[in-house]
Amino acid sequence: MKLSKASIALTMVMTTGPAGTLLAQHWGYEGEAGPQNWGKLDAKFAMCASGKNQSPIDLSGFVEADLKPLKLDYKAGSAEILNNGHTVQVNYAPGSSLAVDSRAFDLKQFHFHSPSENKMNGKQFPLEGHLVHADKDGNLAVVAVMFQEGAANALLTRLWEKMPNKAGEKSTLPTGLSVSQLLPKERDYYRFNGSLTTPPCSEGVRWFVMKKPATASKAQIEQFFKAVGVANNRPIQATNARAVLQ
Ligand SMILES: [Zn+2]
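In my numbering, the protein residues as written are 216 to 461.
This is the structure we're talking about:
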């Protein structure tokens, strides 16, 4: 049997993990398994190609709306940090939440993209954090924060000390981490409907993007990029009929 180029690329990606680790990573950011082909890699990923409310987007053409302050109830907690080959992700202890639309969304995990996935009026940032929340019915809400190069971020300093540098590795983080430290002090935000930015690209995700960027040092941004080993940003998707509220 002659293997197609796509299946060869797929096999190669599958075998890059350390022996014995199962990396469900038959998609990537480059080549045949890259974003332009995600919709074809698996029937479950069809939305990546056919969706009309996909993320990320270039935020622009803002529509004035009566957006209430974000009700974030973030507790200090423990966590584990893992490198899944697509990003470095922190699985956060239960008990922190976001209240919006009369629903409670629990903070599940946060992870990063470098460079940023979303843009603001065409501007891309060197790093973007995604704080992923889910309500009891599985609806998702993502609070996104851009990082510009500047002062080191205090939480990233603690997280990166335990940075798993290879795909498939994870470490336990100390207790008493404060996820609020990721966010800027001023928490005005843009809101729009979007999707997961990774397969299966599921839609119906509430996006809240902080208007003000936070800062991370050049060394922090570089350390993350080196651990992931690839620019892990999905290209900008069409905004279509969506409004970006502010
Ligand atoms: Zn993300």
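Don't be surprised by glycine CBs; every beta carbon is placed ideally from N, CA and C. All figures in this text were calculated on a predicted structure; none of them were measured in a lab.
Buried or exposed (CB count within 10 angstroms, at least 16 for buried), Q435: Answer is buried; the Cβ neighbour count reaches 16.
Inter-stretch contact at 8 Å, needing at least 3 Cβ pairs: the stretch 447 to 455 / the stretch 331 to 342: Touching, per the Cβ criterion.
With a 10 Å radius around its C-beta and 16 neighbouring C-beta atoms as the bar for buried, classify Q304 as buried or exposed. By the 10 Å Cβ count, Q304 comes out buried.
Could you please give me the residues that DSSP links to Q438 through a beta bridge? DSSP output for Q438 lists no bridge partner at all.
From the DSSP output, which residues share a beta bridge with Q363? For Q363, which the question treats as bridged, DSSP gives the partners T430.
Is A359 buried or exposed, if buried means 16 or more other CB atoms sit within 10 Å of its CB? Counting of Cβ neighbours within 10 angstroms places A359 among the buried residues, the total reaching 16 or more.
Would you say the beta carbon of T372 comes nearer than 7 Å to a heavy atom of ligand 1? Look at T372: its beta carbon is at least 7 Å from all of the heavy atoms in ligand 1.
Beta-ladder partner(s) of T387, from DSSP: Beta-bridge analysis with DSSP links T387 to E295.
Could you tell me how far apart the beta carbons of V278 and A458 are, in whole angstroms, since I believe they sit closer than 8 Å? That belief holds up - the Cβ atoms of V278 and A458 are roughly 4 Å apart, short of 8 Å.
Could you give the residue range of the alpha helix (DSSP H) that holds W253? Taken as a continuous stretch (DSSP letters only), the alpha helix (DSSP H) holding W253 covers W253 to L256.
If you count every other CB in all the chains shown that lies within 10 Å of the CB of G300, and 16 or more means buried, which is it? The residue is buried, with at least 16 neighbouring Cβ atoms inside 10 Å.
When burial is assigned at 16 or more other CB atoms within 10 Å of the CB, is A429 buried or exposed? A429 should be labelled buried.
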